[in-house]
Amino acid sequence: MTLDQLRIFVAVAERGHMTKAAELLGISQSAASAAIRALEDQHGVHLFNRVGRNIELAQTGHRFLPEAKAVLEQAAAARNVLEHVSQTVAGSLSIAA
Numbered sequence: 043m044t045l046d047q048l049r050i051f052v053a054v055a056e057r058g059h060m061t062k063a064a065e066l067l068g069i070s071q072s073a074a075s076a077a078i079r080a081l082e083d084q085h086g087v088h089l090f091n092r093v094g095r096n097i098e099l100a101q102t103g104h105r106f107l108p109e110a111k112a113v114l115e116q117a118a119a120a121r122n123v124l125e126h127v128s129q130t131v132a133g134s135l136s137i138a139a
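Rendered as structure tokens:
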């Protein structure tokens, strides 16, 4: 499971449409579909029900969505810590009169 797969899963879940989610993320519809399929296959689960051109969360998808969002939020928080640390000036300063 990758952060990219989680981002795609959340985007599709929130939009209910693979193409709209893919456009939002700047990827192709086929790349989004492949990521969802890989996520489902890796874990032997069914996250979405396909209804014509629309897609809706399956029961497992409903249970997984809050966890996926939490992981993405935690990853963003970790990234912010690293960015903050890299912007912090470190060292010593000597002032002579």
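The sequence shown lines up with residues 43 to 139 when you count with the numbering used here. Where is the CB? At the ideal position from N, CA and C, for every residue including glycine. Just so you know, these numbers come straight off a predicted model, no measurement behind them.
Just to check my reading of the structure: residue i and residue j have Cβ atoms closer than 8 Å, yes? What is that Cβ distance to the nearest angstrom?
{"i": "Ala117", "j": "Leu45", "result": "6 Å"}
{"i": "Ile97", "j": "Met60", "result": "6 Å"}
{"i": "Ala55", "j": "Leu114", "result": "Wrong, their Cβ atoms sit about 12 Å apart, outside the cutoff."}
DSSP has residue i in a bridge; who is on the other side?
{"i": "Arg49", "result": "Bridge partners of Arg49: none, in fact."}
{"i": "Ile97", "result": "Arg92"}
In the DSSP assignment, find the alpha helix (DSSP H) that holds residue i and state where it starts and stops.
{"i": "Ile78", "result": "71 to 85"}
{"i": "Thr61", "result": "60 to 67"}
Put residue i into one of helix, strand or coil per three-state DSSP.
{"i": "Ala112", "result": "helix"}
{"i": "Thr44", "result": "coil"}
{"i": "Ala138", "result": "coil"}
> Taking contact to mean at least 3 C-beta pairs separated by less than 8 Å, is the segment 72 to 83 in contact with the segment 48 to 56?
Replying inline: The segment 72 to 83, when compared against the segment 48 to 56, does touch it at the 8 Å Cβ threshold.
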